[in-house]
Amino acid sequence: MGAAGSTAKRLERAEKTGVFALRDQGVVQLPEKIFTLKSLRTLDVGHNRLLKLPEAIGRCTLLTTLALDANRIKALPAVVCTLSRLESLNVSANQLKALPDALGELKKLKKLLVAHNALTALPDSLGACSELTTLDASHNAITALPRGFGQLVSLAQADLSFNKLGSPLVEGLGGLKRIKSLDLRENVAILELPAELLRDTPLHRLGVDTHLLGSDGLLREMEGSKEYLERRKARIDQEVAGKAKGGEIMFD
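All residue numbers for the sequence shown refer to the numbering used here, where the first residue is 1 and numbers rise by one.
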């Protein structure tokens with residue numbers, strides 16, 4: 001069966017299942033029929049050769065998962081921000097220099113994966129994504145966190161490593177009431193961490209560069225470090241107890 005036949009079969013199945021997946025097929029343009037699938041909930045077209053996402057994506061109003069990773073997309077159309085049911089957006093490994101300003105309109109967004117692009121900033125509206133739990137913006141050129149980043153009250157895991165962040169990070173990080181894991185490695189201009197982040201959040205796994213570590217390999221003394229290290233120890237103790245029952249220990 002040729003590529004066209006295979007795509008036709010996938011479209012036929014998608015009409016019944018609401019799921020269209022076409023990964024690693026060398027696709028350069030999405031078939032127009034995709035945007036007529038009224039019940040489409042998942043669109044996964046990662047690892048292809050797409051140069052853009054058509055404006056017609058706005059017709060897919062039931063979409064909850066959109067995976068466009070490892071393509072050649074340089075910009076996302078603003079209409080993506082009208083997909084009010086979207087929960088997962090993966091645009092990692094593209095050529096994006098910016099994200100749509102209205103990204104915060106995605107009120108149900110839980111997972112945002114934008115690693116390995118050319119981003120220099122995240123939208124100020126991001127803080128309005130109150131259900132966001134996972135953010136991977138690593139391997140970009142981000143110089144500062146957006147205002148309102150601390151309003152991400154559901155954020156549990158954030159990877160901001162390999163960027164160009166510096167001190168001070170941003171005010172209000174104490175508002176990250178569910179943050180547990182934060183990776184800030186390879187941001188060499190970060191010279192200090194906000195006390196409110198270390199002291200007032202449940203953060204217990206933190207990745208930083210060596211200049212922020214003491215001779216013992218732990219976070220050096222700064223305001224809030226004592227509270228963070230206590231939570232880190234409690235987490236490791238819990239994992240050690242779990243290891244005795246067959247679990248895994250993570251010492252970072």
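The C-beta atom is built at its ideal place from N, Cα and C for all residues, glycine as well. Every value quoted in this text rests on a predicted model; they were computed, and no experiment measured them.
{"Query": "Shortest alpha-carbon distance to Leu203 belongs to which of Ile236, Ile190, Gly214?", "Result": "Ile236"}
{"Query": "Please work out which residues of its chain come closer than 8 Å, Cβ to Cβ, to Thr143, disregarding the five sequence neighbours upstream and downstream, and give them in chain order.", "Result": "Thr120, Ala121, Asn163, Lys164, Leu165, Gly166"}
{"Query": "Can you tell me where the alpha helix (DSSP H) with Lys233 in it begins and where it stops?", "Result": "225-243"}
{"Query": "Is Arg220 near Lys180, with beta carbons less than 8 Å apart?", "Result": "no"}
{"Query": "What residue range does the alpha helix (DSSP H) around Leu197 cover?", "Result": "195-200"}
{"Query": "Near Asp136, what residues of its chain come up, given a Cβ to Cβ distance below 6 Å and the 5 sequence neighbours on each side ignored?", "Result": "Leu113, Ala115, Asp159"}
{"Query": "Could you check the C-alpha separation between Asn55 and Asn140 for me, to the nearest Å?", "Result": "Residue identity differs from the one stated: residue 55 is Glu in this sequence, not Asn. Each residue's Cα considered, the two are about 25 Å apart."}
{"Query": "DSSP three-state call for Gly46: helix, strand or coil?", "Result": "coil"}
{"Query": "For a quick check, are the C-beta atoms of Leu132 and Lys97 less than 8 Å apart?", "Result": "no"}
{"Query": "Please go through the same chain and pick out, in chain order, the residues whose beta-carbon is closer than 6 Å to the beta-carbon of Gly242, but skip the five residues on each side of it.", "Result": "none"}
{"Query": "Quick check: the Cα distance between Gln238 and Leu176, rounded to an integer number of angstroms?", "Result": "22 Å"}
{"Query": "Decide if Val91 is buried, meaning its Cβ has at least 16 other Cβ atoms within 10 Å, or exposed.", "Result": "buried"}
{"Query": "Where do the ends of the beta strand (DSSP E) carrying Gly207 lie?", "Result": "205-207"}
{"Query": "Assign Val19 to one of three DSSP states: helix, strand, or coil.", "Result": "strand"}
{"Query": "Using the beta-carbon count (16 or more within 10 Å), is Val240 buried or exposed?", "Result": "exposed"}
{"Query": "Please report the distance separating the alpha-carbon of Val28 from that of Glu192.", "Result": "45 Å"}
{"Query": "From which residue to which residue does the beta strand (DSSP E) around Asn94 run?", "Result": "Element bounds for Asn94: n/a, residue is neither H nor E."}
{"Query": "Just verifying my parser: in three-state terms, what is the DSSP assignment at Lys111?", "Result": "strand"}
{"Query": "When DSSP labels each residue in this structure, what does Gln29 get in the three-state scheme?", "Result": "coil"}
{"Query": "To the nearest angstrom, how far is the alpha carbon of Arg23 from that of Lys9?", "Result": "14 Å"}
{"Query": "Do Leu89 and Leu66 have their C-beta atoms within less than 8 Å of each other?", "Result": "yes"}
{"Query": "What does a CB cutoff of less than 8 Å around Lys254 pick up in its chain, not counting 5 residues either side in sequence?", "Result": "No answer is possible for residue 254: the residues shown for the chain start at 1 and end at 252."}
{"Query": "Near Glu227, which residues of its chain fall below 7 Å by C-beta distance, leaving aside the five closest residues on each side in sequence?", "Result": "Leu198, Arg199"}
{"Query": "Per DSSP, which residues does Thr65 bridge with? Please list them.", "Result": "Thr42, Ser88"}
{"Query": "Relative to the ligand GDP, is the shortest distance from any of its heavy atoms to the C-beta of Ala158 smaller than 7 Å?", "Result": "Looking for the ligand GDP in the displayed structure turns up nothing, as the structure carries no ligands at all."}
{"Query": "Would the beta-carbon of Thr82 fall within 8 Å of that of Gly58?", "Result": "yes"}
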